[in-house]
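Worksheet for the structure shown next.
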Ligand SMILES: NC(=O)c1ccc[n+]([C@@H]2O[C@H](COP(=O)([O-])OP(=O)(O)OC[C@H]3O[C@@H](n4cnc5c(N)ncnc54)[C@H](OP(=O)(O)O)[C@@H]3O)[C@@H](O)[C@H]2O)c1
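This is the structure we're talking about:
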């Protein structure tokens with residue numbers, strides 16, 4: 348449906364958001380949360396190739412949204428080590444290109460970064476005051492994206508987020524992948540107890556970001572995470588217990604599994620600029636409740 352038509356149908360001039368990556372883990376939660384207050388146009392790899400900047404320019408020029416939200420990323424520590432050029436293209440140059448377009452057209456740009464921009468030295472929560480010092484290509488290229496967004500587009504939000512969990516059709520990331528193994532009948536999973544983060548529910552993030560946009564929160568860089576810190580082992584043990592899955596979660600070290608990049612092992616985060624999200628345990632309870640609800644319905 349043409350954009351002008353949608354505006355007429357709803358009767359009020361809803362602000363339009365171009366949501367790049369609306370089928371991803373965070374993008375799908377954002378799509379649901381933003382849709383009651385904005386006209387959200389979602390685009391994914393079926394609609395355009397984020398590595399082709401002519402296509403990106405065309406998309407933005409054609410739609411002229413009020414806000415661009417970019418959730419597209421080249422993820423995975425190992426994948427980025429193996430293909431640093433692609434990592435730089437998608438994680439650094441794409442947000443840089445979006446920032447240039449957004450600044451030229453007066454569009455607000457929302458971009459996502461990661462706890463992997465930090466090293467492990469702090470041994471405490473990372474806040475917005477901490478200076479990035481990434482350990483691997485993923486973190487380096489995401490930090491590069493942050494720098495270009497900041498330097499090229501004044502009207503920006505950079506939301507740094509940690510390990511995410513949440514309902515999503517793709518099961519390729521950590522929590523959902525572990526659950527897929529268990530749902531497929533595996534009776535035991537081994538999980539690193541020496542990787543500590545502030546795992547965060549995509550639904551909480553999406554609702555918080557919607558409110559920040561609606562409230563016209565000052566532009567800038569923000570840490571968004573559920574409160575608290577926990578190891579991946581403790582996180583999965585909690586989820587498996589809440590879902591009442593008959594399987595054991597066994598403590599392991601990240602060094603027991605093959606990897607090539609330098610891993611971040613301790614990057615809990617919190618904000619000193621906004622009220623934090625609820626504690627991770629409460630978010631996990633909701634996540635499991637929704638999963639079992641979905642399981643019963645489906
Ligand atoms: N997930 C985490 O644990 C985590 C942790 C820290 C930071 N982050 C950051 O949070 C943001 C969102 O991550 P996510 O986990 O939601 O990502 P995701 O699940 O991998 O979703 C990525 C989205 O981007 C689209 N996309 C990927 N490559 C594309 C391309 N070449 N052209 C067009 N579209 C493309 C995908 O479309 P298709 O569905 O068509 O493939 C999908 O909709 C990223 O900036 C990431 O760095 C995530």
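Residue numbers (our numbering): 348 to 645. By construction, the Cβ of each residue, glycine as well, lies at the ideal position given by its N, Cα and C atoms.
Option in the options with minimal Cα separation from residue i
i           : options               : result
residue 403 : 421, 433 and 448      : 448
residue 377 : 602, 548 and 634      : 548
residue 364 : 470, 407 and 399      : 407
residue 646 : 507, 450 and 433      : Residue 646 is absent from the structure shown; the chain starts at 348 and stops at 645.
residue 413 : 454, 373 and 382      : 454
residue 527 : 385, 590 and 384      : 590
residue 475 : 603, 610, 580 and 569 : 569
residue 415 : 462, 472 and 500      : 500
residue 494 : 460, 580 and 559      : 460
residue 623 : 556, 599, 489 and 480 : 556
residue 502 : 567, 585 and 433      : 567
residue 468 : 397, 379 and 482      : 482
residue 658 : 397, 386 and 472      : The structure shown has nothing for residue 658, since the chain only spans 348 to 645.
residue 554 : 466, 585 and 375      : 375
residue 470 : 544, 599, 458 and 583 : 544
residue 381 : 392, 369 and 439      : 369
Three-state secondary structure (DSSP) of residue i
i           : result
residue 393 : coil
residue 360 : coil
residue 419 : coil
residue 634 : helix
residue 465 : coil
residue 382 : coil
residue 436 : helix
residue 411 : coil
residue 645 : Confidence in residue 645 is poor, its pLDDT being 42 and thus under 50, which makes the residue's placement unreliable; the coordinate value appears in the next sentence. Reduced to three states, the DSSP call for residue 645 is coil.
residue 369 : coil
residue 512 : strand
residue 606 : coil
residue 612 : coil
residue 639 : helix
residue 460 : strand
residue 424 : helix
residue 455 : strand
residue 444 : helix
residue 471 : coil
Contact test: residue i Cβ vs ligand 1 heavy atom, cutoff 7 Å
i           : result
residue 392 : yes
residue 372 : yes
residue 524 : no
residue 529 : no
residue 590 : no
residue 481 : no
residue 510 : yes
residue 583 : no
residue 572 : no
residue 362 : no
residue 418 : yes
residue 628 : no
residue 517 : yes
residue 444 : no
residue 576 : no
residue 534 : no
residue 397 : yes
residue 520 : yes
residue 489 : yes
residue 422 : yes
residue 369 : yes
residue 459 : yes
Test: residue i CB closer than 8 Å to a CB of chain D
i           : result
residue 576 : Absent from the structure is chain D; it holds one protein chain and no more.
In chain order, which beta strand (DSSP E) runs of at least 3 residues are fully inside the segment 523-600? 535-539, 567-570 and 595-599
Measuring CB atoms only, is the segment 537-557 touching the segment 619-638, in the sense that at least three cross pairs come out at less than 8 Å? yes
Are three or more beta carbon pairs between the segment 556-571 and the segment 519-539 nearer than 8 Å? no
State whether the segment 516-523 contacts the segment 490-507, with contact taken as three or more CB pairs (one from each stretch) at a distance under 8 Å. no
Unbroken alpha helix (DSSP H) runs of length 4 or more, entirely within the segment 475-506: which are they? 484-499
Take every Cβ of the segment 571-588, pair it with every Cβ of the segment 418-434, and state whether three or more of those distances are shorter than 8 Å. no
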